[in-house]
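*Asks:*
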Amino acid sequence: MLYKKEKYGEEKEKKKEKEKRVRRRIIQLLAFFFRELDMKKRSYAWQLVWLVYDLMWALSVGFLGMGVKSVTSVNIDTQSYVLYLLVGSFIWTYLSSLFYIVSWSITWERWEGTIEYTFMAPVKRIIQLVGNSIFAILYGLVRMIVVFVLASVVFNISLANVNFVSAGVILVLASISFIGFGMIAAILPLISPEFGDKTVIMIEAVIMTVSGIFYPISVLPVFVQYISKVIPATYALEGIRQAVIKGADLISLWPQIWPLLVLGVVLIPLGDFMFRLAERHAKKTGKLKRNG
Amino acid sequence: MSVKPKSKKALVVKNVTKAFHDKTKILPTWLRRDSQKTKFFAVNNVSFSVKESEIFGILGPNGCGKSTLIRMISTLLLPDKGEIRVFGFDVIKEPEKVKEFINRVSVEASFFKRLSANENLLYASRIYGLNPKKAKQKFTQILKELGFPLNKLNQPMENFSRGLQQKVSIARGFLTDPVMILLDEPTTGLDPKSKLDVQRFIKKIHREQGITILLTSHDMEEVDRLCHRIAIMDKGKIIALGTSQELKKLVNNEDVYVLNTSDNQKAMHILKQIRTIKKLRLDDNRISFCTKDLDSVMNILTTMLRKKKIRLRSFSQVKPTLEDVFLKLTGKPIIDKECELEKEVEF
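So the sequence lines, in the order shown, correspond to chains A and B.
The first sequence begins at 9 in our numbering and counts up one residue at a time.
The second sequence begins at 6 in our numbering and counts up one residue at a time.
In structure tokens form, the structure reads like this:
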């Protein structure tokens with residue numbers, strides 16, 4: 009009886025300890041979320057600028073589609089073509105903001121000099137990156153939805169055909185694998201403080217070109233198409249286009265879903281692993297200290 | 006804190022070495038023939054230990070390796086050789102456990118400058134998993150004690166003076182209730198009043214909580230006033246270690262006295278006749294000497310001075326300072342002479 013009581017007490021203690029640990033991790037995760045939120049609030053004027061910029065870009069792309077008929081004198085389905093271009097624009101708005109927040113999180117901290125304090129805290133890197141990513145997803149979604157709604161009004165886009173479930177699933181899967189991609193890009197400033205941040209911008213530009221934001225990847229040179237196949241944005245754009253324009257269901261989107269699943273499963277642990285390697289390298293060579 | 010200490014010793018640093026390569030060389034190290042020449046030892050075979058609840062000071066000029074050492078203890082830099090243990094945990098093999106015990110205040114108060122003090126401190130408390138409400142109460146209290154104007158708590162930190170930023174930095178360091186705090190020149194650049202506020206706060210926290218403190222500084226008075234034991238560092242090495250009294254004895258084992266009379270020449274003549282007096286000197290209109298038998302010297306001296314009708318204007322004992330210790334050990338003053346190391350090793 010006494011033994012049972014003792015065991016029960018031990019279990020209760022263990023459960024309490026576990027709850028405490030979980031609560032602590034949630035608070036740590038929220039630290040990164042609220043830090044990003046506070047930064048955006050403090051630079052609200054810039055957020056407005058970027059929103060207007062995104063909207064103008066989407067509108068320019070839409071008008072580009074509307075003008076194709078008069079420029080080429082070819083009879084095409086303008087409405088579908090505009091939608092094709094706009095989906096590319098919206099998805100890129102979202103994915104680029106996600107990539108930017110995740111991949112630049114380290115660069116920002118180095119510039120501010122706070123990276124040593126963050127790395128000195130007993131917080132797991134994966135929690136730091138997930139906290140950043142949750143904010144990045146919500147922030148990117150808000151930006152994309154605002155641009156989408158406004159552009160829909162301007163171009164009178166019909167949403168009757170849209171399969172929202174399929175589009176949502178593809179977007180979630182794309183976000184996961186894109187976060188993994190961002191995590192890998194985030195290590196570059198740790199390896200090379202001088203060139204890391206510049207390389208991140210170049211990577212973003214390459215992803216934009218090879219993933220087919222405004223064109224099918226089949227128009228790219230064959231060797232570039234091989235690169236496209238390992239970029240999650242390629243499948244995200246193709247899948248969401250099919251869900252929005254043709255109303256494709258999840259079964260017919262399987263050719264886009266499975267590569268996104270595989271990329272997500274590979275890229276997130278790979279990103280975490282590479283991040284830890286880069287952190288060790290930075291600690292060995294003293295690269296955490298340099299600001300900017 | 007969920008992690009229990011493995012050892013009673015707060016900190017053990019054993020044969021620790023850290024070297025950096027000259028970043029101005031374009032070729033990677035393994036391609037260079039002169040790699041040894043471009044290697045600078047920021048910390049060179051350093052060993053010491055700190056007891057629980059001790060205030061241990063590391064005194065040395067800029068660039069002597071103090072901050073590199075602090076970075077290694079705080080898991081931000083990996084030593085090339087040697088071992089560092091914090092409450093028994095190895096900083097290389099068990100950094101997550103070490104992080105539970107420590108926090109650090111560095112000379113550069115690094116913050117997200119656009120965010121307010123409140124936002125920065127809430128972030129700092131959350132990454133340690135602290136309840137934000139309790140943390141806010143705590144850092145408000147600390148800031149109040151440091152003389153920080155609380156009406157500025159919600160202003161962006163980019164508008165703060167260096168002194169105010171440093172006070173927020175100190176609040177960040179103590180906010181997490183560390184068992185050991187690493188204070189890396191916490192008062193450098195502060196005005197005298199702020200400096201005093203900070204020193205008073207450090208003393209109070211130590212008295213109340215028995216926290217172990219590792220303090221680096223080139224301010225000798227500060228180290229002398231606050232620390233139980235002091236290590237003197239120069240060019241990456243510890244050149245002396247002991248209590249303030251022990252270190253001062255390195256300068257002079259005998260007591261030094263200075264006096265001034267109405268006729269110093271005649272007084273010198275008298276003093277020369279006293280056998281127990283050593284190192285007798287007359288300079289700048291004052292006489293200095295060493296003796297181990299002050300009472301008999303004073304007896305003879307006062308009698309003789311009275312006889313010769315010489316008036317004793319002043320008499321005092323000269324106490325050596327840590328500056329004298331540093332000067333004696335290195336042949337150079339501690340301030341304004343940055344050793345070459347820092348200029349070259351800006352890693």
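Glycine is no exception: its CB is placed at the ideal position from the N, C-alpha and C atoms.
Quick caveat: nothing in here was measured; it's all calculated off a predicted structure.
Alpha carbon to alpha carbon, how far is Y16 of chain A from V30 of chain A?
*Replies:* About 21 Å.
*Asks:* Given a threshold of 16 other Cβ atoms within 10 Å of its Cβ, counted over all protein chains shown, does F107 of chain A qualify as buried or as exposed?
*Replies:* When all chains shown are included, F107 of chain A counts as buried.
*Asks:* For G70 of chain A, which option in A:T122, A:I165 and A:V180 has the closest C-alpha, if you only look at C-alpha atoms?
*Replies:* The shortest C-alpha separation from G70 of chain A is found at A:I165.
*Asks:* Can you check which of these residues, B:M238, B:S249 and B:F320, is closest to I75 of chain B by C-alpha distance?
*Replies:* Checked all of B:M238, B:S249 and B:F320; the closest Cα to I75 of chain B is B:M238.
*Asks:* Please check if any C-beta of chain D sits within less than 8 Å of the C-beta of L81 of chain B.
*Replies:* The structure shown contains no chain D; its protein chains are A and B.
*Asks:* Is DSSP giving A290 of chain A helix, strand or coil here?
*Replies:* Looking at A290 of chain A - three-state DSSP - the assignment turns out to be helix.
*Asks:* With distances taken between CB atoms, is the gap from A244 of chain A to I99 of chain A smaller than 8 Å?
*Replies:* For A244 of chain A and I99 of chain A, yes; Cβs fall inside 8 Å.
*Asks:* Is it right to say G215 of chain B is buried, meaning 16 or more other beta carbons lie within 10 angstroms of its own, or is it exposed?
*Replies:* G215 of chain B should be labelled exposed.
*Asks:* Establish whether the CB of Y125 of chain A and some CB of chain B are separated by less than 8 Å.
*Replies:* With 8 Å as the cut-off, Y125 of chain A counts as an interface residue toward chain B.
*Asks:* Enumerate in chain order the residues of its own chain whose CB-to-CB distance from C344 of chain B is below 8 Å, with the five nearest sequence positions on each side excluded.
*Replies:* Only weak support exists for where C344 of chain B lies, its pLDDT of 43 falling under 50; the coordinates are left without a value.
*Asks:* Any idea what DSSP makes of G247 of chain B, helix, strand or coil?
*Replies:* Strand at G247 of chain B.
*Asks:* Could you have a look at P183 of chain B and say whether DSSP puts it in helix, strand or coil?
*Replies:* Reduced to three states, the DSSP call for P183 of chain B is coil.
*Asks:* Does the beta carbon of F117 of chain B come closer than 8 Å to any beta carbon on chain A?
*Replies:* Chain A contact via Cβ: present.
*Asks:* Relative to the C-alpha of Q250 of chain A, which residue among A:S104, A:L167 and A:Q233 is closest?
*Replies:* Taking only the C-alpha atoms, the option nearest Q250 of chain A is A:L167.
*Asks:* Any beta carbon from chain B within less than 8 Å of G300 of chain A's own beta carbon?
*Replies:* Per-residue confidence for G300 of chain A stands at a pLDDT of 38, beneath the threshold of 50, marking its modelled position as unreliable; no derived number is given.
*Asks:* With three or more beta-carbon pairs closer than 8 Å as the criterion, would you say the region 55-63 of chain A touches the region 134-142 of chain A?
*Replies:* Too few Cβ pairs lie closer than 8 Å, so no.
*Asks:* I believe L220 of chain B touches A176 of chain B by the beta-carbon criterion, under 8 Å. Please report the beta-carbon distance rounded to the nearest angstrom.
*Replies:* With a Cβ gap of about 17 Å, L220 of chain B and A176 of chain B do not count as contacting.
*Asks:* Over the uninterrupted beta strand (DSSP E) stretch that includes S105 of chain A, give me the two end residues.
*Replies:* Premise fails: S105 of chain A lies in the alpha helix (DSSP H), T86 to E120, not in any beta strand (DSSP E).
*Asks:* For K86 of chain B, which of helix, strand or coil comes out of DSSP?
*Replies:* Strand at K86 of chain B.
*Asks:* DSSP on T296 of chain B, reduced to helix/strand/coil?
*Replies:* The answer is strand: DSSP assigns T296 of chain B an E or B state.
*Asks:* If you measure from the beta carbon of P120 of chain B to each beta carbon in chain A, is any gap under 8 Å?
*Replies:* According to the sequence shown, residue 120 of chain B is Leu rather than Pro. Closer than 8 Å to some Cβ of chain A, the Cβ of L120 of chain B qualifies, so yes.
*Asks:* Have a look at B:N20, B:N50, B:M225 and B:Y133 and flag the residue whose alpha-carbon is nearest the alpha-carbon of I34 of chain A.
*Replies:* Nearest C-alpha to I34 of chain A: B:Y133.
*Asks:* Name the chain A residues that come within less than 9 Å of E105 of chain B, Cβ to Cβ?
*Replies:* Result: P130.
*Asks:* Rounded to the nearest angstrom, what separates K200 of chain B and Q146 of chain B at their Cα positions?
*Replies:* Looking at the two C-alpha atoms, the distance is approximately 18 Å.
*Asks:* Exposed or buried, which one is I153 of chain A when buried takes at least 16 other CB atoms within 10 Å?
*Replies:* Classification of I153 of chain A: exposed, given that the 10 Å Cβ count is below 16.
*Asks:* Counting only C-beta atoms, is K348 of chain B closer than 8 Å to chain A at any point?
*Replies:* Because K348 of chain B carries a pLDDT of 39, less than 50, the predicted location of this residue cannot be relied on, and the following value inherits that uncertainty. So, not an interface residue.
*Asks:* Rounding to the nearest angstrom, what Cα-Cα distance links K77 of chain A and S88 of chain A in this structure?
*Replies:* If you take the alpha carbons of K77 of chain A and S88 of chain A, they lie about 12 Å apart.
*Asks:* Beta-carbon within less than 6 Å of R90 of chain B's beta-carbon, same chain only, minus the 5 sequence neighbours each way: which residues are those?
*Replies:* For R90 of chain B, where only same-chain residues beyond five positions count, the Cβ hits under 6 Å are V17.
*Asks:* Could you compute how far the alpha carbon of L155 of chain B sits from the alpha carbon of Y147 of chain A?
*Replies:* Rounded to whole angstroms, L155 of chain B to Y147 of chain A spans 32 Å at the Cα level.
*Asks:* Got a sec: does the ligand ATP put a non-hydrogen atom nearer than 7 Å to the Cβ of T22 of chain B?
*Replies:* The model on display carries no ligand, and the ligand ATP is accordingly not part of it.
*Asks:* For a contact meaning CB atoms closer than 7 Å, what does F203 of chain A contact in chain B?
*Replies:* Here the premise fails: no neighbours, minimum Cβ distance about 13 Å.
*Asks:* Given a threshold of 16 other Cβ atoms within 10 Å of its Cβ, counted over all protein chains shown, does I63 of chain B qualify as buried or as exposed?
*Replies:* The residue is buried, with at least 16 neighbouring Cβ atoms inside 10 Å.
*Asks:* Just the chain A side, please: which residues come within less than 9 Å of P161 of chain B by C-beta, in chain order?
*Replies:* Residues of chain A passing the Cβ test: R50.
*Asks:* Could you list which residues in chain A have their beta carbon closer than 7 Å to that of I132 of chain B, in chain order?
*Replies:* Neighbours of I132 of chain B on chain A, chain order: Q36, A39, T126, A129 and V131.
*Asks:* Let me make sure I understand the geometry here. Which of A:Y52, A:P277, A:L285 and A:L93 has the alpha-carbon closest to that of F189 of chain A?
*Replies:* The shortest Cα separation from F189 of chain A among A:Y52, A:P277, A:L285 and A:L93 belongs to A:P277.
*Asks:* Specify, as a first and last residue, the run of the beta strand (DSSP E) that R318 of chain B falls within.
*Replies:* Where R318 of chain B is concerned, the enclosing beta strand (DSSP E) stretches over L317 to V323.
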